[in-house]
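In the numbering used here, the protein residues as written are 616 to 818.
Just so it is clear, CB atoms sit at the ideal spot from N, CA and C, and this is done for glycine as well.
These notes are about the structure you will find just below.
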């Protein structure tokens, strides 16, 4: 099984963690099928720094390395329950030319590999890695899943199975705002950080 998820994962918050938890849950689907003995691969596309320069409050964005490490620390905590510092875990940083050439691969002793890939476009490895078979995304990025499958179809590849995770709403009512304006977001976190910096500067 090879499953992908993508995002900026800036200032990792509970919405990201929900998405990543459901992403990791895909391993349970595989384990429920004893006939599937192929290695499991989870591919996490993390937006490269160059694509984020026009983001709001970009000065408070975390670097790709910081975002990759925080994403890995959380994801590893929910997929691996072995001893800390287990020497059987292998970490390799890949630096190759071209799209999706920069990645960090983490291999676990039970046949799981997590690939953290720096992405330069909205598609990432979903259109360069034929082996990926499923994509986990939030409802607000549903259109991205359709676009990915259109690209794969153009290349003669099988479409990805799409699994959607509901957006976590930050409003007290607990209902998902269809405009997604009230969801907990990295932009909101950066805005608050910016306000704190400005407040200290005026003091």
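When only Cα atoms are considered, residue 687 and residue 659 end up about 9 Å apart. The alpha carbon of residue 750 has as its nearest neighbour, out of 663, 634, 680, 627, the alpha carbon of 634. Checking the DSSP bridge columns, you'll see residue 776 partnered with 749. In the structure shown, the three-state DSSP call for residue 685 is helix.
Put simply, the backbone Cα of residue 676 is about 15 Å away from that of residue 631. The C-beta separation of residue 661 from residue 723 comes to about 19 Å, leaving the pair out of contact by the 8 Å criterion. Beyond the five residues adjoining it in sequence on each side, residue 690 comes within less than 6 Å, by CB distance, of 635 in the same chain, given in chain order.
Between residue 781 and the set 638, 693, 627, the nearest pair of CA atoms involves 638.
Membership of residue 722 in the beta strand (DSSP E) is indicated by the continuous run 717-722.
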